[in-house]
Amino acid sequence: MTSITSVKNLRLKFPGESEMLFKDMSLSINRGEKVLLLGTSGCGKSTLLQVLSGLVPQTIDIPIKFDEIQIPDQWGFVFQDPDTQFCMPYVDEELAFVLENLQVPREEMSSKICSLLKEVGLELDNIHTPIQHLSGGMKQRLAIASVLALKPDVIFLDEPTAFIDEKGTEQIWETVKRIWKDKTLIIVEHKIEKIMDFADRLIVFTPGGEILADGNTSMVFTQYKEKIKEYGIWYPGAWDEYKFKRLAENKFEYQNTLKLQDFKGYRIKEIKIWADDMEVQSGEWITIIGENGAGKSSLLLAFMQLIKTSGNYFINDLLVKKIKDISGLVYLVFQNPEYQFLTHSVYDEITYGLQNQQNIEADAKEILSSLKLTSKINQHPYHLSVGQKRRLSVATAFLQKPTVLLLDEPTFGQDSINTFRILEWIEQERQKGTIILMVTHDQHITERFATRLWKVQNGKIVADRQLNNSCKVQKEMLNELII
Amino acid sequence: MNSLFSGKYTWLHSINPSLKLLTIVGLFGFAINIHYLNFMLGFSCVILTLFIFGTGYSYKQLLLLSLPFLLVFLSTSSSMILFGKGETILFKWAYVQISEESLIRGIHLGFRALSFAMLGLIFALTTKPVRLFYSLMQQLKLPPKFAYSFMAAIRLIPIMVEEYQIIMNAQKIRGFEQKNNFLKRMQRIAIPLLSQSIRRAYRIAISMEAKRFQSNRKRTYYYEIGFSRNDLFFLCYFLVLLGLAYLLSIQYPLLPNTDVRSLSD
Amino acid sequence: MQKGLKLTDILVTIVISIAFGILYKIWGPLYYAVKPFGLHIDQLIYGMWFMAATVAFLIIRKPGVALLAEIAASSGEFLMGSEFGLEVLLYGIIQGLFAEFILFAFRYKRFDLFVISLAAFSSCAGSLIMDFYKGYIGDLSTWNLTLFIVFRIIGSILFTGLFAISIAKALEATGVTNLVRSSSKEDHEALDQ
Chain A
4 MTSITSVKNL
14 RLKFPGESEM
24 LFKDMSLSIN
34 RGEKVLLLGT
44 SGCGKSTLLQ
54 VLSGLVPQTI
64 DIPIKFDEIQ
74 IPDQWGFVFQ
84 DPDTQFCMPY
94 VDEELAFVLE
104 NLQVPREEMS
114 SKICSLLKEV
124 GLELDNIHTP
134 IQHLSGGMKQ
144 RLAIASVLAL
154 KPDVIFLDEP
164 TAFIDEKGTE
174 QIWETVKRIW
184 KDKTLIIVEH
194 KIEKIMDFAD
204 RLIVFTPGGE
214 ILADGNTSMV
224 FTQYKEKIKE
234 YGIWYPGAWD
244 EYKFKRLAEN
254 KFEYQNTLKL
264 QDFKGYRIKE
274 IKIWADDMEV
284 QSGEWITIIG
294 ENGAGKSSLL
304 LAFMQLIKTS
314 GNYFINDLLV
324 KKIKDISGLV
334 YLVFQNPEYQ
344 FLTHSVYDEI
354 TYGLQNQQNI
364 EADAKEILSS
374 LKLTSKINQH
384 PYHLSVGQKR
394 RLSVATAFLQ
404 KPTVLLLDEP
414 TFGQDSINTF
424 RILEWIEQER
434 QKGTIILMVT
444 HDQHITERFA
454 TRLWKVQNGK
464 IVADRQLNNS
474 CKVQKEMLNE
484 LII
Chain B
15 MNSLFSGKYT
25 WLHSINPSLK
35 LLTIVGLFGF
45 AINIHYLNFM
55 LGFSCVILTL
65 FIFGTGYSYK
75 QLLLLSLPFL
85 LVFLSTSSSM
95 ILFGKGETIL
105 FKWAYVQISE
115 ESLIRGIHLG
125 FRALSFAMLG
135 LIFALTTKPV
145 RLFYSLMQQL
155 KLPPKFAYSF
165 MAAIRLIPIM
175 VEEYQIIMNA
185 QKIRGFEQKN
195 NFLKRMQRIA
205 IPLLSQSIRR
215 AYRIAISMEA
225 KRFQSNRKRT
235 YYYEIGFSRN
245 DLFFLCYFLV
255 LLGLAYLLSI
265 QYPLLPNTDV
275 RSLSD
Chain C
75 MQKGLKLTDI
85 LVTIVISIAF
95 GILYKIWGPL
105 YYAVKPFGLH
115 IDQLIYGMWF
125 MAATVAFLII
135 RKPGVALLAE
145 IAASSGEFLM
155 GSEFGLEVLL
165 YGIIQGLFAE
175 FILFAFRYKR
185 FDLFVISLAA
195 FSSCAGSLIM
205 DFYKGYIGDL
215 STWNLTLFIV
225 FRIIGSILFT
235 GLFAISIAKA
245 LEATGVTNLV
255 RSSSKEDHEA
265 LDQ
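In order, the protein sequence lines correspond to chains A, B and C.
According to the numbering used here, the first sequence is numbered sequentially starting from 4.
According to the numbering used here, the second sequence is numbered sequentially starting from 15.
According to the numbering used here, the third sequence is numbered sequentially starting from 75.
See the structure below:
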């Protein structure tokens with residue numbers, strides 16, 4: 004077989020870093036292979052895609068050195084974030100941008116645009132549709148259509164479904180499998196269930212950027228399972244193997260209630276979320292599910308009094324009217340931790356606003372050590388890895404000792420070790436009596452951890468179920484609700 | 015661009031955007047050199063007529079858009095009226111000194127600012143940014159890397175506004191609010207907003223180059239933007255009416271016709 | 075130094091300007107609230123309008139960035155349909171050119187408070203020249219004109235100089251600036267070890 008892209012003795016170092024990311028790394032990929040790259044975050048998988056496509060160093064200025072490199076003549080690149088792939092406001096204009104780059108005559112553009120959209124299954128009534136009106140999954144298929152226009156032999160896919168819900172993910176991979184069955188695909192992906200059967204070669208990287216294993220997919224998974232597990236890389240069956248046993252309920256440290264009566268949240272005078280009478284007690288862990296845009300985040304904002312609300316909302320018999328009423332009682336952890344960082348060091352961050360509390364230093368140190376962040380205590384929060392940032396933002400919430408803890412996708416994009424760790428901490432808080440409300444797309448969390456489920460649809464809580472965990476029947480019921 | 019307002023498609027929309035831009039900038043330069051109140055008044059009327067009848071917006075929408083004009087007028091004229099130089103004193107109180115000259119000059123400035131405001135709005139209300147940048151590339155040879163960067167950035171505006179609100183909320187939860195001073199608050203919001211924006215812009219640029227964008231290479235255009243008879247009409251509108259306004263201002267002045275610039279210089 | 079600005083430089087510069095455009099929306103009401111009184115208190119915060127230029131330059135550190143940032147910031151206002159749009163656009167170009175001139179005079183190699191404040195001062199001078207033409211500010215009584223100029227200069231140096239540097243420093247601390255700065259020779263040499 005002939006190789007279509009390869010590199011020999013690659014060295015690469017990010018400016019300002021002391022260690023090289025790759026040191027004399029060699030790799031060769033053959034025509035038609037479907038290669039899956041796995042590794043912890045920061046191990047260099049994405050950077051490797053950029054090197055093999057020539058984006059590094061041509062567009063991205065990172066110093067590299069190699070003995071030999073083979074860059075494919077015709078390649079395309081699908082990136083992670085659906086909002087940073089496009090430069091034009093409308094669907095047709097975006098595809099036209101690619102066609103203009105290829106100097107396709109104007110007269111041919113409209114028909115080409117239509118056929119590209121059809122091929123990726125993006126049938127729109129009007130091709131002049133604002134990209135902002137598309138769902139994340141549709142945006143990614145638009146990105147695939149623009150790559151398709153380049154007629155690539157090799158396609159690099161850098162976590163194309165990271166920001167996409169279950170349904171969108173399925174559609175994306177279905178499209179990719181259909182239109183690029185004969186092409187060479189090099190894929191970085193965490194959610195591997197959907198492409199396990201599709202990838203014929205698997206390369207696993209160590210956290211230090213070396214190749215740990217390279218070979219047939221199922222062979223690598225069986226032979227290197229222990230290592231993969233140790234790195235925290237998601238693998239098929241990771242959730243099944245994860246043993247979580249809920250301790251027998253003992254007395255809560257505090258007994259809390261949250262009560263709603265005809266509670267509505269508004270954005271620009273429009274009702275965005277609506278809940279009938281509800282009551283939540285200490286010990287409950289509620290997961291909130293629903294499609295993108297259903298109103299899940301609005302619900303959290305309403306609880307946090309960041310949007311206008313009407314009706315009654317009580318916490319421990321205190322009627323909540325404005326954000327001041329709930330300061331210290333309710334705390335919301337945002338999906339992007341960076342938004343909430345205020346200071347220049349991890350320690351300042353975690354103790355912000357609490358400096359006057361007794362024992363704060365001891366408490367902070369304790370929580371940092373349990374989060375394995377002690378060594379980072381003086382670092383700038385932005386310099387932490389994605390997982391560390393998330394842990395820090397959750398830890399900050401814990402130190403506030405809220406009555407109600409609201410979390411928006413707290414395990415999003417986390418490796419398995421971090422995911423389990425964060426969930427276990429939340430469980431500890433629950434056992435103390437904190438009410439947990441969590442928006443999540445991850446069905447596994449609902450199945451294993453939650454005690455109750457809310458489903459939000461078109462701004463309304465349409466289902467409210469008590470869950471009795473570790474019960475098989477329940478899985479079916481869940482599936483019913485989710486679909 | 016204005017999501018709140020959308021009007022009918024008029025002949026002004028069909029004007030070549032580059033020509034429209036150059037004309038409007040030209041009119042700005044021209045207006046700066048008008049020093050006689052009567053002609054300034056005429057100039058404003060010519061612009062006003064186009065603003066009302068040419069933009070394709072309903073009177074209600076135009077009225078709403080014009081509300082800030084009052085502020086524009088007052089804010090530009092007030093300091094000149096109150097503190098300007100002048101010989102013929104009309105009113106004096108402490109440091110405030112209203113003279114006939116400063117009053118006329120103030121009103122002149124007010125009309126000037128009003129005209130600029132309307133010119134700017136005429137352009138914005140009748141020009142789609144995408145067409146403008148396509149036209150700038152085709153007619154004025156703006157390098158594509160600038161044109162597409164602008165278009166990409168415009169697409170990001172709503173995303174960034176939303177992000178700004180999220181950051182405000184996120185920081186409110188952490189108890190970071192009024193108790194801090196203005197600059198500190200600004201900086202705390204600016205840092206996450208800027209760092210996210212820089213990263214986002216950087217990623218978009220990379221994805222554009224991954225789609226084989228090269229600024230110096232020849233390219234075809236999805237929108238070909240040329241000229242039409244309306245463009246000629248557009249130019250004639252100003253030439254004829256401004257000429258007329260000039261003649262009228264000399265023949266039949268409504269107000270004292272003196273140079274508004276201070277004669278003492 | 076590579077000649078010309080790369081696509082990444084341009085796009086990042088424009089987006090920085092837009093971010094400032096959004097931040098101005100908070101400042102804006104404050105500005106207009108103090109403006110109509112004629113005593114020029116508004117001039118004290120006038121300098122914020124050309125902050126985007128120095129911040130963008132401090133981040134990207136390349137020729138042309140300051141001018142581009144000013145044009146982007148002001149054309150944003152223009153295209154969105156603001157009452158001051160057209161004026162702002164033309165002022166922006168002049169202010170950007172004046173800032174650029176100072177940075178050029180120092181070969182785009184100095185990023186310290188002195189040079190940045192000088193650029194701020196220069197921008198400010200540019201805007202004053204426009205005002206002499208457009209707003210007849212020369213015809214204000216002398217004490218009033220002095221107040222006007224002094225307030226504007228103070229405001230410029232405060233925002234475009236000091237505050238811009240403080241924002242750029244804070245951004246550097248987050249590491250995001252590494253994305254847009256060119257890699258150094260040492261970085262390349264480090265690969266040979």
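The beta-carbon is built from N, C-alpha and C at its ideal position, and this holds for glycine as well.
Since the structure is predicted, the reported quantities are computational estimates derived from the model, not experimental observations.
Min CB distance residue i to chain C below 8 angstroms
i      : result
A:D64  : yes
A:G19  : yes
A:R455 : no
A:R14  : yes
Beta-carbon spacing of residue i, residue j below 8 angstroms
i      : j      : result
B:Y235 : A:E103 : yes
B:S113 : B:F57  : no
B:K22  : A:I326 : no
C:V162 : B:A167 : no
A:P413 : A:Y334 : no
C:G155 : B:L35  : no
C:A143 : C:T87  : yes
B:S211 : B:M182 : no
A:E162 : A:E192 : yes
A:L30  : A:T50  : no
A:L40  : A:F208 : yes
C:G95  : C:E151 : yes
Beta-carbon contacts of residue i that lie in its chain and below 8 angstroms, excluding the five residues immediately before and after
i      : result
A:P239 : I195, E196, M199, F224
C:L219 : I211, G212
Contact set for residue i: own chain, Cβ-Cβ below 7 angstroms, skip 5 residues either direction
i      : result
C:L192 : I176
B:N52  : S263, P267, L268, L269, N271
Extent of the continuous alpha helix (DSSP H) to which residue i belongs
i      : result
A:G218 : Run containing A:G218: none in the alpha helix (DSSP H); it sits in the beta strand (DSSP E), 214-219.
B:T90  : 73-97
C:Y207 : 187-208
B:M182 : 158-187
A:I39  : What sits at residue 39 of chain A in the sequence shown is Leu, not Ile. Not the alpha helix (DSSP H): A:L39 falls in the beta strand (DSSP E), residues 37-41.
A:Q391 : 389-402
B:K198 : 196-224
A:Q61  : 58-61
Cutoff 8 angstroms: residue i Cβ touching any chain B Cβ
i      : result
C:E246 : no
A:T354 : no
A:Q343 : yes
C:T128 : no
A:I7   : no
A:Q135 : yes
A:T87  : yes
Sequence-distant residues of the same chain with beta carbon closer than 6 angstroms to residue i, five excluded per side
i      : result
A:Q264 : D280, G314, N315
C:C198 : R226, I227, S230
C:M75  : No answer about C:M75 holds up, because its pLDDT of 40 lies below 50 and its placement is not dependable.
Chain A within 8 angstroms of residue i, Cβ atoms only
i      : result
B:A224 : yes
C:G166 : no
B:N183 : yes
B:I218 : yes
B:K232 : yes
C:L265 : yes
Endpoints, beta strand (DSSP E) assigned at residue i
i     : result
A:R14 : 6-15
A:D27 : 25-33
Near the ligand ATP: residue i beta-carbon under 7 angstroms from a heavy atom
i      : result
A:L309 : The ligand ATP is not among the ligands present in this structure, which contains no ligands whatsoever.
query = Enumerated in chain order, which unbroken segments of the beta strand (DSSP E) with a length of 3 residues or greater are wholly contained in the segment 233-275 of chain A?
reply = 260-270
ask   = Which ranges would you report for the alpha helix (DSSP H) in the segment 286-372 of chain A if only whole runs of at least 4 residues count?
value = 299-306, 349-354
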